[in-house]
Amino acid sequence: DAKRRLDVAEGAFAEARVLYEKLYRSEPNDLFFWKLILLYERAADFRAMEEIALGKLRAVPGDLGALNYLSRAYRGLGDAEKARAVLVQSAARNWADPDRVRNAANEFQAQNDFDAAADIFQTARAKMGNPDVYAFDLGRLHSARMHYLEALTEYLKVIETHPAAYGLLELM
């Protein structure tokens, strides 16, 4: 019974993939893009993820979601350096853009590459010439990695620059 249910689910999955690929070819829009990229990720079809992400980036250069999935595709294909390069280059387009920097760091964390996430924040600090920027983000990152002394150092920077944050940090 379980085998039959699995076969039915796999068949429905394959049908959905064929349908969304046909729809995306005839009308490439965000809805079909996201359905497909999630289907490809679930199926671990990293070549298809790479292809559709690159296509999206040709149409919408710098799209953060497509860059994230392109990075995931490269990591899934076993090319961690290429995966890293995609996100670092995304952040490097504008180190002063907190959305871009945080996006790259968050995606590194989602890919369990915590060192690269920390590097992104540290590089942004250096490029901006501001040793206090991203202190809260780095504090959380260091806490998650159980690097408590580094986390404390970052949280102290938050309190120094934003004294009202003391109450929030006290709850942590």
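Numbered by this note's numbering, the letters in the sequence shown go through residues 0 to 171 in order.
Each residue gets a CB set at the ideal place from its N, CA and C atoms; glycine is no exception.
Everything numeric in this text was worked out from a predicted model, so none of it was measured.
{"query": "Enclosing alpha helix (DSSP H) for Gly64 [first to last residue]", "result": "Leu63 to Gly75"}
{"query": "C-alpha gap between Glu153 and Ala109, whole angstroms", "result": "21 Å"}
{"query": "Within 7 Å, strictly: CB atoms of Leu69 and Asn102", "result": "no"}
{"query": "Nearest candidate by alpha-carbon position, reference Asp136, set Ala125, Lys126 and Ile119", "result": "Ile119"}
{"query": "Run of the alpha helix (DSSP H) containing Ala79, from where it starts to where it stops", "result": "Ala79 to Ala91"}
{"query": "Inter-residue Cα distance where the pair is Leu86 and Ala72", "result": "12 Å"}
{"query": "Start and end residues, alpha helix (DSSP H) containing Asn102", "result": "Pro97 to Ala109"}
{"query": "CB-CB length for Ala65 against Leu56, believed under 8 Å", "result": "5 Å"}
{"query": "Span of the alpha helix (DSSP H), counted from its first residue to its last, around Trp33", "result": "Asp29 to Arg41"}
{"query": "Buried versus exposed, by CB contacts within 10 Å (16 or more), Tyr133", "result": "buried"}
{"query": "Local Cβ density within 10 Å of Gly10, reported as buried at 16 or more and exposed below that", "result": "exposed"}
{"query": "Three-state secondary structure (DSSP) of Val17", "result": "helix"}
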